[in-house]
Amino acid sequence: MSGLLLIAHSPLASALKAVAEHTFPNCAPQLAVLDVTPEMSVETVEAQARALLAAAGHEDSLVLTDVFGATPCNAAQRLLDVQGHVRVIAGVNVPMLWRSLCYAAEPIDALVERASEGGSKGIVLGHAPEPINDKTS
7 MSGLLLIAHS PLASALKAVA EHTFPNCAPQ LAVLDVTPEM SVETVEAQAR
57 ALLAAAGHED SLVLTDVFGA TPCNAAQRLL DVQGHVRVIA GVNVPMLWRS
107 LCYAAEPIDA LVERASEGGS KGIVLGHAPE PINDKTS
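Residue numbers (our numbering): 7 to 143.
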């Protein structure tokens, strides 16, 4: 089973964990979270993230972040390794998180694919209903 770590601007990481606990109470404990506050440096976030990954003890880990190019993602990218044991996906949303929880037992490559697919397919544009024709025959 792959470890799951969510690094996001405070309070998003904790809020998403609460959503995970509400929907998948048996899966949510495998999710570690790190809320990044404005005063935290990339180095601080990286150190805390490494500690969370080490404490989880998984061979492979998927790290989800909120925004590419921001401190949470920049710190997460420092966790990447040549062997591919740590993967990072930026742009976390609820469908991506739920898929990650549901498929965490799959090999890391499959988990990354499912998480990415869940994130992109979870974005759906709503359409207004068609107007009703009021003419009577």
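Positions of the beta carbon are idealized from the N, C-alpha and C atoms, including for glycine. Because the structure is a prediction, the values reported are computed rather than measured.
Alpha carbon of residue i to alpha carbon of residue j, nearest angstrom
| i | j | result |
| --- | --- | --- |
| residue 59 | residue 11 | 7 Å |
| residue 42 | residue 137 | 46 Å |
| residue 104 | residue 82 | 20 Å |
| residue 29 | residue 109 | 15 Å |
Proximity winner among the options, relative to residue i (alpha-carbon distances)
| i | options | result |
| --- | --- | --- |
| residue 61 | 36, 81 and 93 | 36 |
| residue 77 | 40, 133, 93 and 107 | 40 |
| residue 121 | 102, 96, 112 and 20 | 102 |
| residue 93 | 33, 125, 123 and 66 | 66 |
DSSP three-state assignment for residue i, whether helix, strand or coil
| i | result |
| --- | --- |
| residue 43 | coil |
| residue 3 | Outside the displayed range of the chain (7 to 143) lies residue 3, so it cannot be described from this structure. |
Outcome for residue i when other beta-carbon atoms lying within 10 angstroms are tallied against a minimum of 16
| i | result |
| --- | --- |
| residue 64 | buried |
| residue 13 | buried |
| residue 117 | buried |
| residue 106 | buried |
| residue 127 | exposed |
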